[in-house]
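Have a look at the structure below before the remarks.
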Amino acid sequence: MSLTWDDLTCHPDEEAINALATSWGWRIGDAFTPLLFTAFGDMFYEADEGGVFWLNTGTAEVGRVADNVEAFNQLLREDIADDWLLPPLVEALIEAGKECDDGECYSYVTLPVFAEGEYVVENFDPVPIREHFDITGSVLKQLENVPDGTDVSIDISH
1 MSLTWDDLTC HPDEEAINAL ATSWGWRIGD AFTPLLFTAF GDMFYEADEG GVFWLNTGTA
61 EVGRVADNVE AFNQLLREDI ADDWLLPPLV EALIEAGKEC DDGECYSYVT LPVFAEGEYV
121 VENFDPVPIR EHFDITGSVL KQLENVPDGT DVSIDISH
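Printed below as a string of structure tokens:
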């Protein structure tokens, strides 16, 4: 199967990006310019203070991946992009009949911050991008200062 760029990315509308800003502001702040969204709802963005960062919406990890947009675009042509875009998993999801429609991304059944949250076909479903941002941001904010191994009760409302 030959994957396209559209298979590996998603394209949130303004409403979904506003939901991301609201749900994830605790982690990324207010001043960011989205550059790319993966099929899994992760965001690469340029921070106002400089640099390109990766927001992993499954773990709430934020990491600097490049000094500028030009360097980031170069990295997208290298092997590291496979770690970010997960083409083998996208291909497996499509082959399993789990294809995203416009306005959707793959979201976790169980987030990878939990022991059961694996990067396997059975742990992903296509959902509206806004819903993905709302739920992952809300859940991971509640877990922000919780030590590993702690039993938790999560409030999911959106």
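Sequential numbering of the sequence shown, starting at 1, is according to full-length UniProt numbering.
Backbone N, C-alpha and C define an ideal beta-carbon position, used for all residues, glycine too.
Asked                                                                                                                        : Found
Backbone CA spacing between residue 68 and residue 50 [nearest angstrom]                                                     : 7 Å
Cβ neighbours of residue 133 in the same chain (closer than 8 Å, five flanking residues each side left out)                  : 12, 16, 19, 20, 23, 24, 41 and 57
Test item: CB-CB of residue 62 and residue 52 under 9 Å                                                                      : no
Residues of its chain near residue 140, where Cβ-Cβ distance is below 6 Å and the 5 sequence neighbours each way are ignored : 60
CB contact flag (residue 127, residue 104, <9 Å)                                                                             : yes
Buried or exposed by the 16-neighbour rule on C-beta atoms within 10 Å, applied to residue 161                               : It is not possible to answer for residue 161, since the shown part of the chain is limited to 1 through 158.
Endpoints, beta strand (DSSP E) assigned at residue 39                                                                       : From DSSP, residue 39 is part of no beta strand (DSSP E); its letter is neither H nor E.
Helix, strand or coil at residue 93 [DSSP, three-state]                                                                      : helix
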